[in-house]
Amino acid sequence: MTATREAGLTFGGVLRSEWVKLRSVRSSGLTVLGASLTMIVAGLVFASTIGTDSDGADGVTDPAGITLSGVLFAQLVVGVLGVLVVSGEYSTGMIRSTLTGVPSRSPVLAGKVVVLVGAVFPVVLASAFIVFFAGQAVMGGAGLPTARIGDAGVLAALVGSAVTMTGVAVIGLALGALLRNTAGAVSALVVLVFLAPGLGGLLLPVSWRDGVLKFLPSSAAEAFTSVAPGPGLLTASSGAAVFAAWVVVPLLVAAVLLRRRDV
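Just so we're aligned, residue 326 is where the sequence shown starts under the numbering used here, counting upward by one.
Quick look at the structure:
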């Protein structure tokens with residue numbers, strides 16, 4: 326009996342369990358699809374309307390960035406999915422059964438992360454390439470400047486955008502594990518990833534803004550996903566390191582609290 330029970334606690338078994346739970350909830354697949362469509366549709370809308378302003382073609386300085394504009398909106402969608410991967414189990418009480426079957430608990434969180442990354446990253450990476458090529462075709466047909474996949478920084482921007490979206494999904498998962506409440510975790514995610522730059526610009530003293538805002542998740546991500554980064558950002562490598570810290574640190578805290586707190 327003991328040997329059988331221990332054999333059932335392999336990490337592979339935990340992964341299969343988490344994958345079954347994710348795919349068995351219909352809204353999970355629809356959410357990933359929604360993020361993909363949001364990214365593609367928004368990018369094509371920006372690509373088709375960018376030349377209609379007064380600047381025309383002269384205002385297009387980053388054709389790749391224009392087609393990736395939908396990443397900002399799609400991040401919220403995958404972030405909410407990340408929250409629900411954990412908070413959904415707490416709301417239904419299923420987490421008790423999950424942690425009873427895996428008493429060490431940490432493999433559960435690790436399994437959720439692996440499954441979430443595996444479900445999100447390939448889809449958003451494919452979506453980034455689709456919207457890039459489609460958007461460049463739209464802009465080229467309108468006589469606007471375009472970018473090619475081999476241009477400096479373009480491939481890094483495409484892969485970096487997919488990494489950023491996946492990272493935001495993992496941040497959502499960590500917040501869901503920390504707060505155990507869907508509304509609270511989603512609110513915290515929105516504030517951290519989307520509202521903090523604007524709020525910081527309004528509330529922080531002028532002397533602090535440049536030194537603080539560039540370390541926020543969205544600004545750090547912009548540093549390594551932009552073909553033509555704006556002024557005041559970190560270097561690409563520093564931005565990637567800071568963004569990775571925003572992903573890893575909440576996960577580590579969530580792992581510690583998962584082991585220490587009662588269900």
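Built from N, CA and C at the ideal position, the CB exists for glycine as well.
Computed from a predicted model, the values in this text were never measured in an experiment.
### Query
Mind checking whether G501 and A510 have CB atoms under 7 Å apart?
The answer is yes: Cβ separation under 7 Å.
### Query
With burial defined as no fewer than 16 other Cβ atoms inside 10 Å of the residue's Cβ, what is the status of F549: buried or exposed?
In the assembly as shown, F549 is a buried residue. Its beta-carbon has 16 or more other beta-carbons within 10 Å.
#### Entry: Distance between L401 and V515 (C-alpha atoms, nearest Å)
Going by the C-alpha atoms only, they are around 7 Å apart.
### Local conformation of G590 per DSSP, three classes
Here the chain comprises residues numbered 326 to 588, so residue 590 is not present and cannot be evaluated.
### Message
Rounding to the nearest angstrom, what Cα-Cα distance links V449 and A372 in this structure?
### Response
Between the C-alpha atoms of V449 and A372 there is a straight-line separation of about 18 Å.
### Cβ-based burial, M464 [other Cβ within 10 Å; buried from 16]
M464 comes out buried.
### Task
Find the nearest neighbour of T423 within the set V537, A545, L558, V339, judged by alpha-carbon distance.
It is V339 whose Cα lies nearest to the Cα of T423.
### Query
With T507 and S394 assumed to form a contact (beta carbons below 8 Å), what rounded beta-carbon distance in angstroms separates them?
Not a contact, Cβ separation roughly 28 Å.
### Query
Where do the ends of the alpha helix (DSSP H) carrying K539 lie?
Counting along the chain, K539 falls outside any alpha helix (DSSP H), and DSSP gives it neither H nor E.
### Query
Cα separation between S379 and G523?
Only weak support is given to the placement of S379: the predicted model assigns it a pLDDT of 43, under 50, and the question is left unresolved by the model.
### Message
Once the 5 residues before and after G538 are set aside, which same chain residues still bring their CB inside 7 Å of it?
### Response
Note that residue 538 is Leu in the sequence shown here, rather than Gly. Its chain contains P522, G525, G526, S544 as the residues whose beta carbon lies nearer than 7 Å to that of L538, once the 5 sequence neighbours on both sides are disregarded; these appear in chain order.
### Query
Do you know how far the Cα of P542 is from the Cα of V518?
V518 and P542 have their C-alpha atoms some 6 Å from each other.
### Message
Let me confirm a value: G468 is counted as buried when at least 16 other C-beta atoms fall within 10 Å, else exposed. Which label applies?
### Response
Label assigned to G468: exposed.
#### Entry: Residue closest to K437, alpha-carbon to alpha-carbon, out of V411, V572, V403, R421
That would be V411, whose Cα lies nearest to the Cα of K437.
### Contact check, A546 vs T489, beta carbons under 7 Å
It is a contact, given that the beta carbons lie within the stated cut-off.
#### Entry: Euclidean distance between Cα positions of V446 and A487
In the sequence under discussion, the amino acid at residue 446 is Phe, which differs from the Val named in the question. A487 has its alpha-carbon roughly 6 Å from the corresponding atom of F446.
### Query
Could you check where the alpha helix (DSSP H) with R348 kicks off and where it finishes?
Element bounds for R348: 336-349.
#### Entry: Span separating the alpha-carbon of D535 from that of S563
Cα atoms of D535 and S563: separation of roughly 15 Å, rounded to the nearest angstrom.
### Query
By a C-beta neighbour count over all protein chains shown, 10 Å radius and 16 as the cutoff for buried, is L355 buried or exposed?
With fewer than 16 other Cβ atoms within 10 Å, it is exposed.
### Task
Quick one: residues in its chain with C-beta nearer than 6 Å to the C-beta of D387, no 5 flanking neighbours on either side, listed in chain order?
The residues are V552, A553.
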